[in-house]
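Read through the structure below, which is laid out as C-alpha cells, and then see the notes.
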Amino acid sequence: MNIRLIALDLDGTLLTSDKRLSERNKRALEECIRRGIYIVPCTGRTFEGIPKPVRMIDGIKYAILTNGACIQDAETGEILERRGLFWEKAMQVIDRIEDFTLMYDCYIEGRGKADRRFLDTLECYEIRPEICRLIRETRDPLPSLKDYLAKKQPLLDKTNTLL
Numbered sequence: 224m225n226i227r228l229i230a231l232d233l234d235g236t237l238l239t240s241d242k243r244l245s246e247r248n249k250r251a252l253e254e255c256i257r258r259g260i261y262i263v264p265c266t267g268r269t270f271e272g273i274p275k276p277v278r279m280i281d282g283i284k285y286a287i288l289t290n291g292a293c294i295q296d297a298e299t300g301e302i303l304e305r306r307g308l309f310w311e312k313a314m315q316v317i318d319r320i321e322d323f324t325l326m327y328d329c330y331i332e333g334r335g336k337a338d339r340r341f342l343d344t345l346e347c348y349e350i351r352p353e354i355c356r357l358i359r360e361t362r363d364p365l366p367s368l369k370d371y372l373a374k375k376q377p378l379l380d381k382t383n384t385l386l
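Residue numbers (this note's numbering): 224 to 386.
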C-alpha cells in the first residue's frame, strides 16, 4: 500500500492528555514526512491554536482547521479554502441561548472571539485549567460578541457553546 497522506486529529489522538506532542509522535511524523507522506493536522482549532511543537515540524504543508471550515497552507499562512457560517445564523443561536448560563464564542478569520464576561469566569464551567488557558490564549475578549457581529457582519468559521 502506498500511503500518500495522513490526516489526524490533535486532541485525543496526536497529543497527550495534557495537550503536548510526545517525542515519539514527533519522530513518527518526521519519519512519515521524510518518506514523502503528507501530514495534515485536522482540528476544531485555528492554526495558532495548534501547539507550537506541531506547527514547527518541518514539512507540514497543510492544516484543516475549525472543524473543516478552513484549509490553510501551513508554510505561507494562505487560506486555500474557507466555508463559513453567515453571521445572521450565529445571531439567531445567540438570541436563543443568551438567557441561559452558557458560554458561547465564534471563530472569525482564524481567531476566536468571546464576551469578556465568559473568559473571566471559565472556571465556573468546570473546565480543566489547561483548557481554560488554551481558551484564553485563543480568544479575543470583547465587551459584547453580539454587538461585534452586528457591526462587522463577518463570515464565521464556527461557533462553540459550553454548558
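Where is the CB? At the ideal position from N, CA and C, for every residue including glycine.
(message) Check for me: the alpha helix (DSSP H) holding Y330 runs from which residue to which?
(response) Note, Y330: premise wrong, no alpha helix (DSSP H); beta strand (DSSP E) at 326 to 331.
(message) Since M326 and L385 should fall inside the 8 Å C-beta cutoff, what is the C-beta to C-beta distance between them, to a whole number of angstroms?
(response) Yes, they are in contact, since the Cβ atoms of M326 and L385 sit about 4 Å apart, within 8 Å.
(message) Here's a check: name, in chain order, each residue in its chain whose Cβ is nearer than 8 Å to the Cβ of G291, leaving out the five neighbours to either side.
(response) Excluding sequence positions up to five before and after G291, its CB lies within less than 8 Å of the CB of C265, R306, all in the same chain and listed in chain order.
(request) Tell me whether I283 is buried or exposed, calling it buried when 16 or more other Cβ atoms sit within 10 Å of its Cβ. (result) Label assigned to I283: buried.
(request) Give every residue of the same chain whose Cβ lies closer than 8 Å to the Cβ of E301, excluding the five residues on either side of it in the sequence, and list them in chain order. (result) Cβ neighbours of E301 beyond the five flanking positions: Q295.
(message) Between the region 361 to 371 and the region 327 to 338, can you find at least three pairs of beta-carbon atoms closer than 8 Å?
(response) Between the region 327 to 338 and the region 361 to 371, the count of Cβ pairs shorter than 8 Å is three or higher; the stretches touch.
(request) Under the assumption that L308 contacts K369 (Cβ atoms under 8 Å), give the Cβ distance between them as a whole number of angstroms. (result) Taking 8 Å as the upper bound for CB-CB distance, L308 and K369 are not in contact here, some 15 Å apart.
(message) Can you tell me whether L372 is helix, strand or coil according to DSSP?
(response) Reduced to three states, the DSSP call for L372 is helix.
(message) If we define contact as Cβ-Cβ less than 8 Å, is M224 a contact residue for chain C?
(response) As a matter of chain content, chain C is missing from the structure shown, which is built from one protein chain.
(message) Taking DSSP's pairing of strands, which residues face P264 in a bridge?
(response) Partner(s): L231.
(request) If I'm right that L303 touches I260 with Cβ under 8 Å, what's the distance once you round it to whole angstroms? (result) Contact between L303 and I260 does not hold, since their C-beta atoms are separated by about 19 Å, which reaches or exceeds 8 Å.
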